[in-house]
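There are 2 protein chains.
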Amino acid sequence: MIGLGLIGGSVLRAARAAGRTVWGATASRDDADRARAEGFDVTTVEEALGRDPEALVVLAVPMPALPDLLRKVPAGTRLTDVTSVKGPVHDAVHRYAKQVRFVGGHPMAGTSRSGWEAGSEDLFRDAAWVVTPEEADDHLNDVMRLALDLGAHVVPTTPEEHDEAVARISHLPHVLAAVLAAVGAGGGPLALALAAGSFADGTRVAGSRPELVRAMCEGNRDALLTAVDDALGRLGAARGSLASTGGLAKTIEAGHEGRTMLVNQPPRARVTIDLTKPGALAALRNLGARGGRVVGLNGSTADAETS
Amino acid sequence: MIGLGLIGGSVLRAARAAGRTVWGATASRDDADRARAEGFDVTTVEEALGRDPEALVVLAVPMPALPDLLRKVPAGTRLTDVTSVKGPVHDAVHRYAKQVRFVGGHPMAGTSRSGWEAGSEDLFRDAAWVVTPEEADDHLNDVMRLALDLGAHVVPTTPEEHDEAVARISHLPHVLAAVLAAVGAGGGPLALALAAGSFADGTRVAGSRPELVRAMCEGNRDALLTAVDDALGRLGAARGSLASTGGLAKTIEAGHEGRTMLVNQPPRARVTIDLTKPGALAALRNLGARGGRVVGLNGSTADAETS
Chain L
1 MIGLGLIGGS VLRAARAAGR TVWGATASRD DADRARAEGF DVTTVEEALG
51 RDPEALVVLA VPMPALPDLL RKVPAGTRLT DVTSVKGPVH DAVHRYAKQV
101 RFVGGHPMAG TSRSGWEAGS EDLFRDAAWV VTPEEADDHL NDVMRLALDL
151 GAHVVPTTPE EHDEAVARIS HLPHVLAAVL AAVGAGGGPL ALALAAGSFA
201 DGTRVAGSRP ELVRAMCEGN RDALLTAVDD ALGRLGAARG SLASTGGLAK
251 TIEAGHEGRT MLVNQPPRAR VTIDLTKPGA LAALRNLGAR GGRVVGLNGS
301 TADAETS
Chain Y
1 MIGLGLIGGS VLRAARAAGR TVWGATASRD DADRARAEGF DVTTVEEALG
51 RDPEALVVLA VPMPALPDLL RKVPAGTRLT DVTSVKGPVH DAVHRYAKQV
101 RFVGGHPMAG TSRSGWEAGS EDLFRDAAWV VTPEEADDHL NDVMRLALDL
151 GAHVVPTTPE EHDEAVARIS HLPHVLAAVL AAVGAGGGPL ALALAAGSFA
201 DGTRVAGSRP ELVRAMCEGN RDALLTAVDD ALGRLGAARG SLASTGGLAK
251 TIEAGHEGRT MLVNQPPRAR VTIDLTKPGA LAALRNLGAR GGRVVGLNGS
301 TADAETS
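Each protein sequence line maps, in turn, to chains L and Y.
So the first sequence is numbered by full-length UniProt numbering: it starts at 1 and just counts up by one.
So the second sequence is numbered by full-length UniProt numbering: it starts at 1 and just counts up by one.
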């Protein structure tokens, strides 16, 4: 593990709990001290990267720190990451660390707190863990096995489709939470004194560390612009409708429909995917595009659920 | 109690639990049957309104149902309400039920579910209960005592200031939740499969019954337009900044500051307000404007907390 914040620290704990041999490195002295105090093997980035050429190296650093880190990764390394954006990470890996084997990853789990102390070995239990493979091979299987060992299910897709999806369901929520928190605070002490569940829920993620939110959102700029434009269009339409007719039917009903689709996702059917066959990569990506997921690996066969 | 949905049903339960004699009426046969099954006295609207001229009548119906109901209220009735908008309710009371004594009210509590079954006698515990008195008199004291008996604290303000505040911290959150849910669902099955905490929190209130959300938001049209315009301006500025410089610093930092103000509200000092003195109404409104609240009544003295 390189990076021992919320996500990296949780991977380290969960991988050890799953019986794996783990070690880590971090630029944060606080996180390093706390991990060592819990009995973890924390060393320098260079030593961590060089210790075992067969190890699966997991990068868990903010996007802006990635280029410098990738330059230090030895050729031949088996690499994955847990960064919240995938297209720019793939680009950076190809540019700065060309001789590595890489499968992108992104566990959809977190809290509004950050750093080693916010993590836990249960963070990934029942979470979606995105992988963005460029081929179906043993390295992909190892990355999927890590996610499964940590209690997650695996959602295979492309970097582009991942980035579009998370712009809508992860990065836009942070932007809207920030906007809502600022508008609410603009109402002064009375407004804040009256704030209840809807405002507390809608602004919760605005409590996250601003530099982490910025790194996440700014790192997915192109896809986030599309999602923000969609939101601006819908909010502008709501404004126009409220001003002209006094009604919000279309806005509120579309929102209720979207929330219902989230809550009532269709029942899933079990399927298996033979990972040794030609077309396995396309089958995995197709599974993810339809809202499906890999829930187990038996040798070179993936047990999957699809809707 | 007229209206036995989430809020009305919870007032009925909590008032009985506080030792009061209660009865109710509702246009919903389902809610009436369920309330009767729990031993409550449920009758017709006319009988409920006419039974005791000294009773404190609480109206808990959606805004659109209010004019017809107010026409049925006997002259001299001591009236309050729990509607989520106050200016239009004051206007409707003055227009349709001129011979009543009225103090507007609005408990800041709820869930995304609705109807009698969603209610509970604990719903108002530690909640803010807004009152919008037009004078400081014994009827105001009775309305405040009801809120205090139900476990709430009382926030006095004007109808206009209430409506501006709740547009920001209650109605705008519903509009933004609807917009976010629709943008997320627009990402298809993959996006919904990846949705985690930030999307679930940000869209929770979009699961509320659309007709109730519409009644609430559309009933506060003017103040909500101002809040939506504020949000549109901030979201547009975020869009412009992300597109031109790639940065979201101002948006994310303002949001973090707003959230921090919500979470870390300043410590409160105890004060008392003599409700018999001239200027008592202004003192109460000033208390609310500064984020303060009434937490107890001793005879004609209000125990209050102010920041």
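For each residue, glycine too, the CB sits at the ideal point set by N, CA and C.
9 Å or more divides the Cβ of L140(L) from the Cβ of T157(Y).
Interface criterion not met: the Cβ of Q99(Y) is under 9 Å from no Cβ in chain L. Straight-line measurement puts the Cα of D149(L) at about 28 Å from the Cα of S208(L). In this structure, G5(L) sits away from T111(Y), with a CB-CB distance that is not shorter than 9 Å.
When the five nearest sequence neighbours on each side are left out, the beta carbons in the same chain lying within less than 6 Å of the beta carbon of A97(Y) are those of L70 and V73, in order along the chain. Chain order gives no chain L residues near H139(Y), where near means a beta carbon separation below 8 Å; the closest approach is about 23 Å. Proximity of chain Y to F199(L) at the Cβ level (cut-off 9 Å) is accounted for by R168, I169, S170, L172, P173 and L262, in chain order. Within the region 26 to 111 of chain L, the complete beta strand (DSSP E) runs of at least 3 residues fall at 56 to 59, 78 to 81 and 101 to 107. As the crow flies, the alpha-carbon of H94(Y) is around 12 Å from that of E134(Y). In the displayed model, T251(L) falls within a helix according to three-state DSSP.
Flagged as an interface residue toward chain Y: L192(L), by a C-beta distance shorter than 9 Å.
DSSP assignment within the region 148 to 197 of chain Y yields the following whole alpha helix (DSSP H) runs of 4 residues or more, N-terminal first: 159 to 166, 172 to 185 and 188 to 194.
Taking all protein chains in view, the Cβ of E47(Y) is surrounded by fewer than 16 other Cβ atoms within 10 Å, so the residue is classified as exposed. Taking each of V131(Y), A65(Y), V100(Y) and A75(Y) in turn and checking the Cα distance to K86(Y), the smallest one comes out for V131(Y).
Under the three-state reduction of DSSP, A304(Y) is assigned to strand. Distance between P266(Y) and T26(Y), taken at the CA atoms: about 41 Å. For G246(Y), a Cβ of chain L is located within less than 9 Å of the residue's own Cβ. Interface residue (Cβ-Cβ distance to chain Y less than 9 Å): V89(L) is not classified as such.
Approximately 21 Å separates the beta-carbon atoms of D31(Y) and G50(Y); this is outside 8 Å, ruling out the contact.
Not flagged as an interface residue toward chain L: T43(Y), since no C-beta distance is shorter than 9 Å. Between W116(Y) and A35(Y) a beta carbon distance of about 6 Å is seen, short of the 8 Å cut, so the two are scored as contacting.
Every alpha helix (DSSP H) of 4 residues or more that sits fully in the region 223 to 294 of chain L is shown, in chain order, as 249 to 263 and 280 to 289. Taking C-beta atoms under 8 Å as the contact rule, V179(L) and T251(Y) qualify, at a distance of about 7 Å.
The beta carbon of A152(L) sits closer than 8 Å to the beta carbons of P107, A109, F124, R125, D126, A127, A128 and W129 from its chain, once the five residues preceding and following it are set aside; these are given in chain order. In the DSSP assignment, A215(Y) falls within the alpha helix (DSSP H) that extends over P210 to E218. Of the residues G39(L), L66(L), E54(L) and A18(L), the one whose Cα lies closest to the Cα of G3(L) is L66(L). Residue range L6 to A17 is occupied by the alpha helix (DSSP H) that includes V11(Y), with no beta strand (DSSP E) assigned at that position. The Cβ atoms of D81(Y) and A55(Y) do not sit closer than 9 Å to each other.
Here the C-alpha atom of L212(L) lies approximately 25 Å from the C-alpha atom of V143(L).
Listed in chain order, the non-local C-beta contacts of A177(L) below 8 Å within the same chain comprise G202, T203, R204, V205 and A206, local neighbours out to five positions each way being set aside. When secondary structure is reduced to three states using DSSP, W129(Y) falls in the strand class. Under the three-state reduction of DSSP, G115(L) is assigned to coil, being neither helix nor strand. Taking the C-beta atoms as reference points, G119(Y) is found no nearer than 9 Å to R101(Y). The three-state reading of DSSP puts L297(Y) in strand, counting E and B together. For the options D222(L), E253(L) and Q99(L), the alpha carbon positioned closest to that of G240(Y) is the one of D222(L).
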